[in-house]
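In full-length UniProt numbering, the protein residues as written are 1 to 139.
A virtual CB, placed ideally from N, CA and C, is assigned to each residue, including glycine.
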Amino acid sequence: MATNRTFTMIKPDAVEKGHIGGILSMITEAGFRIVSLKLTQLTLADAQAFYAVHKERPFFGELVEFMTRGPIVAAILEKENAVEDFRALIGATNPADAAEGTIRKKYATSVGENAVHGSDSDENAAIESNFHFAGREQF
Ligand code: RTP
Ligand code: MG
1 MATNRTFTMI KPDAVEKGHI GGILSMITEA GFRIVSLKLT QLTLADAQAF
51 YAVHKERPFF GELVEFMTRG PIVAAILEKE NAVEDFRALI GATNPADAAE
101 GTIRKKYATS VGENAVHGSD SDENAAIESN FHFAGREQF
């Protein structure tokens, strides 16, 4: 089951601009089923843990500040080949490099404020999903 699921966040920039509906439409139109969904906000500790892999990078402080500044939408998504297909749907990290038709091309404003997160492996998808959602919230 885990191989067919991924985890996403609609980041604070996109929530602030009112793009929750537009982004969820792109996700469901691309064939993903919503398994879990909520509006929540990351604490400082949550964001530091979530992006711990980047803790030595120069943009880490900025990234943590951005990800905690307002609510996010957390969701688990299901589709065949979910992790890879969702990374393709969101597009490149920097929206300047994102392909036409991708979520970041349409909604991201910069490499830092890039509208959405997508898990980068099945293992991380499971860790990130279970961090945000109890078993009874995963449909
Ligand atoms: P994400 O984890 O959020 O899905 O993004 P990603 O895989 O496409 O990119 P990643 O390399 O994991 O970077 C995580 C997030 O850090 C911010 N970032 N800022 N200022 C910069 O040069 C820079 N580089 C990365 C972005 O918000 C990126 O999504
Ligand atoms: Mg990443």
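With 7 Å as the limit, the residues whose C-beta approaches any heavy atom of the ligand MG more closely are His117 and Asp120, in sequence along the chain. Looking at the DSSP output, Ala75 bridges to Thr8 and Leu37. The C-beta distance from Ala125 to Thr6 rounds to 5 Å, short enough to meet the 8 Å contact threshold. Linking Ser25 to Leu63 through their CA atoms gives a straight-line distance of about 26 Å. Using a Cβ distance threshold of 8 Å, Ser121 and Val73 do not count as a contacting pair.
Partner residues in the beta bridge of His117, as assigned by DSSP, are Met9. Around the beta-carbon of Asp13, 16 or more other beta-carbon atoms lie within 10 Å, marking it buried.
Spatial neighbours of Phe139 in its own chain (CB-CB distance under 6 Å, excluding positions within 5 residues in sequence) are listed in chain order as Val35. Ranking Glu128, Arg104 and Thr28 by CA distance to the CA of Phe50 puts Glu128 first.
Buried is the label assigned to Ala75, since at least 16 other Cβ atoms lie within 10 Å of its Cβ. Of all alpha-carbon atoms in Glu137, Gln41, Gly112 and Gly21, the one lying nearest the alpha-carbon of Arg57 is that of Gly112.
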